[in-house]
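A.B. asks:
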Amino acid sequence: MNFLAHAYLSFGEPKVLIGNFIADFVRGDLTKTYDAEVITGVKLHRAIDAYTDSHPEVKAVQELLKPTYARYSSVISDMFFDHFLAVSWDQYHDTPIKEFSQEVYRIMTQFTIDHPFPLPEKFNIAFDLMVKNDWLMSYTTIEGMKQAMKGMANRTTFESKMETSHIFLQEHYEEIKAPFHRFFPQLVEFSKQHLEELKEKV
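Take the sequence shown: its position 184, counting from 1, is numbered 184 in the UniProt record's numbering, and each next residue is one higher.
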């Protein structure tokens with residue numbers, strides 16, 4: 001899953017959100033840098049990714065993508081699922097997505113002001129772009145997805161064809177939408193349970 005889903009799956013806990021967002025940008029022993037709640041968010045993020053990558057509904061979408069996008073199929077499926085979460089947001093969350101997105105940006109920004117250790121530089125670069133271009137809201141439209149995927153394609157080392165994936169999404173819209181809606185409620189339940197287990201170990 002991508003940023004919007006990881007924000008949703010932080011379940012309103014600010015420091016879990018921090019960890020959930022920076023997880024792909026940190027390595028090694030984090031105990032000297034971040035407190036237990038942030039580290040819980042990092043661990044939750046990684047558990048969410050592992051669960052997602054092994055789920056048959058996700059694998060089915062990735063198999064659909066692989067003939068065109070090969071190694072980038074998992075990245076694209078994550079983005080597509082964020083799109084379907086965004087466009088069906090009211091089905092899953094009581095707070096309007098625009099309000100939710102602004103609160104996420106506010107929490108992340110305030111943390112960078114208050115925390116004695118800076119967040120990873122590569123994350124800060126990504127986060128600045130996220131706020132500037134309002135990524136979380138941009139996932140609600142095909143044009144927003146087009147721009148997001150074009151930006152990701154520009155940052156890949158190898159040719160990814162991700163800049164064309166918005167067209168693939170439109171052509172296979174219902175075929176990808178249905179697996180998302182079967183998968184996401186299961187991911188929510190897994191994430192809630194796993195978060196509680198992580199908090200019990202702190």
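Positions of the beta carbon are idealized from the N, C-alpha and C atoms, including for glycine.
Given this structure, state the Cα-to-Cα distance separating residue 114 from residue 121, to the nearest angstrom.
C.D. replies: On the sequence shown, position 114 is the one that residue 114 refers to. On the sequence shown, position 121 is the one that residue 121 refers to. If you take the alpha carbons of residue 114 and residue 121, they lie about 16 Å apart.
A.B. asks: Below 9 Å between beta carbons: does that hold for residue 12 and residue 42?
C.D. replies: By one-based count along the sequence shown, residue 12 stands at place 12. By one-based count along the sequence shown, residue 42 stands at place 42. For residue 12 and residue 42, no; Cβs fall outside 9 Å.
A.B. asks: Measuring only the C-alpha atoms, how far is residue 98 from residue 110?
C.D. replies: Here residue 98 refers to the residue found at position 98 when the sequence shown is read from its first residue. Here residue 110 refers to the residue found at position 110 when the sequence shown is read from its first residue. One C-alpha to the other measures close to 18 Å.
A.B. asks: Quick one: is residue 93 buried, meaning 16 or more other Cβ sit within 10 Å of its Cβ, or exposed?
C.D. replies: In the sequence shown, residue 93 corresponds to position 93, counting from 1. By the neighbour-count rule (16 or more Cβ atoms within 10 Å), residue 93 is not buried but exposed.
A.B. asks: Taking only three categories from DSSP, how would you classify residue 32?
C.D. replies: As a first step, residue 32 must be located in the sequence shown, where it is residue number 32. Note: residue 32 maps to coil in three-state DSSP.
A.B. asks: Starting from the N-terminal side, write out each stretch of the beta strand (DSSP E) that is 3 residues or longer and does not extend beyond the region 97-168.
C.D. replies: For the region 97-168, not a single whole beta strand (DSSP E) run of length 3 or above is found.
A.B. asks: Going by beta carbon distance, what residues of the same chain come within less than 8 Å of residue 103, once the five residues before and after it are set aside?
C.D. replies: For the purposes of this step, residue 103 is taken as residue 103 along the sequence shown, with counting starting at 1. These residues qualify, in order along the chain: 95.
A.B. asks: For the candidate residues 202, 48 and 38, whose alpha-carbon lies nearest to that of residue 3?
C.D. replies: By 1-based counting over the sequence shown, the position of residue 3 is 3. Closest by alpha carbon: 48.
A.B. asks: Whose CA, out of 170, 177, 22 and 8, lies closest to the CA of residue 81?
C.D. replies: Reading the sequence shown from its first residue, position 81 is the one you call residue 81. Ranking 170, 177, 22 and 8 by Cα distance to residue 81 puts 177 first.
A.B. asks: Quick check: the Cα distance between residue 136 and residue 27, rounded to an integer number of angstroms?
C.D. replies: Here residue 136 refers to the residue found at position 136 when the sequence shown is read from its first residue. Here residue 27 refers to the residue found at position 27 when the sequence shown is read from its first residue. The straight-line gap from Cα to Cα measures roughly 25 Å.
A.B. asks: What is the DSSP secondary structure of residue 2, counted as helix, strand or coil?
C.D. replies: Here residue 2 refers to the residue found at position 2 of the sequence shown. In the structure shown, residue 2 sits in coil (DSSP, three-state: anything other than H, G, I, E or B).
A.B. asks: Do residue 192 and residue 166 have their beta-carbon atoms positioned less than 9 Å apart in this structure?
C.D. replies: Taking the sequence shown and counting its residues from 1, one reaches residue 166 at position 166. Taking the sequence shown and counting its residues from 1, one reaches residue 192 at position 192. No, these two residues do not count as a Cβ contact at 9 Å.
A.B. asks: Would DSSP call residue 12 helix, strand or coil?
C.D. replies: Start at 1 with the first residue of the sequence shown, and residue 12 comes out as number 12. Note: residue 12 maps to coil in three-state DSSP.
A.B. asks: Sort 83, 171, 160 and 105 by Cα distance to residue 181 and report the nearest one.
C.D. replies: On the sequence shown, position 181 is the one that residue 181 refers to. When each option's Cα is compared against that of residue 181, the closest is 83.
A.B. asks: Does any residue of chain B bring its CB to less than 9 Å from the CB of residue 165?
C.D. replies: In the displayed structure, chain B is absent; only one protein chain is listed.
A.B. asks: Let me know the secondary structure DSSP gives residue 26 once reduced to three states.
C.D. replies: Residue numbering aside, residue 26 sits at position 26 when the sequence shown is read from its first letter. Note: residue 26 maps to coil in three-state DSSP.
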